[in-house]
Structure formats: structure tokens, C-alpha cells
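In what follows, a structure is listed as C-alpha cells, so that the remarks can point back to it.
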């Protein structure tokens, strides 16, 4: 790819001209936290899953920070594989992770 500079102000102006709104890239961090994993300590009933074949794993939550925020690391899983429908080709680790997720959700809603 050729090197390009990014002009956020020009991008923002274009969004405003076309849509009447400006981008707020920091909004989700300000609204929900996320710069610090302890920001999640007040949340509950969220399962964080990551697979070792997922290029986004470096940005994932890999250690449990609160009792009701389980973390499941899935060997042999790529990005969102655990969220897709079951497939005969799914590795056993993904099937097992799905079973854990279902059990957790059943526990939370019962």
C-alpha cells in the first residue's frame, strides 16, 4: 500500500457535510471504559472469548477481572468462530467452549 497521511479534521468535515454528524472516536471509551481492564469490574454476565488463531486476540480480555465476567480461551479458534453456527468441521475446543457459554447463560437466567 502506498503511504498516505490521514487528516482527521478533513474526514470530520466530510462526515458533517454529508451526514450532519462528526465522528467521536473516543466515545465508546468514555461511555463504557476499556482503556483499563478494571473498567469492567462493575459489569456482569459477559463471556469474553478469544481464540489463539484470532489476529485480534492481542486486544482481547485474557484474564478474568470479576466473578461474573468469565474468560474462555479457545485453542484452534479464529475470529468469532465460537459465535458462528455449529459446523462438523469445528474443532472440539470450539464445541466445548460453546457448551460452557450455554451453561453460563442458563445459570444466569435461571
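Numbering (my numbering), first residue to last: 281 to 390. Ideal placement from N, C-alpha and C gives every residue a C-beta, glycine not left out. Computed from a predicted model, the values in this text were never measured in an experiment.
With residue 351 as the anchor, note down where its beta strand (DSSP E) starts and where it stops. Counting along the chain, the beta strand (DSSP E) containing residue 351 begins and ends at 351-354.
From which residue to which residue does the beta strand (DSSP E) around residue 328 run? 328-331
Among 285, 329, 300, whose alpha-carbon lies nearest the alpha-carbon of residue 358? 329
What do you reckon, are the CB atoms on residue 348 and residue 324 nearer than 8 Å? Cβ atoms of residue 348 and residue 324: closer than 8 Å.
By Cβ distance, which residues of its chain are closer than 8 Å to residue 291, with the 5 residues on each side in sequence left out? Cβ neighbours of residue 291 beyond the five flanking positions: 303.
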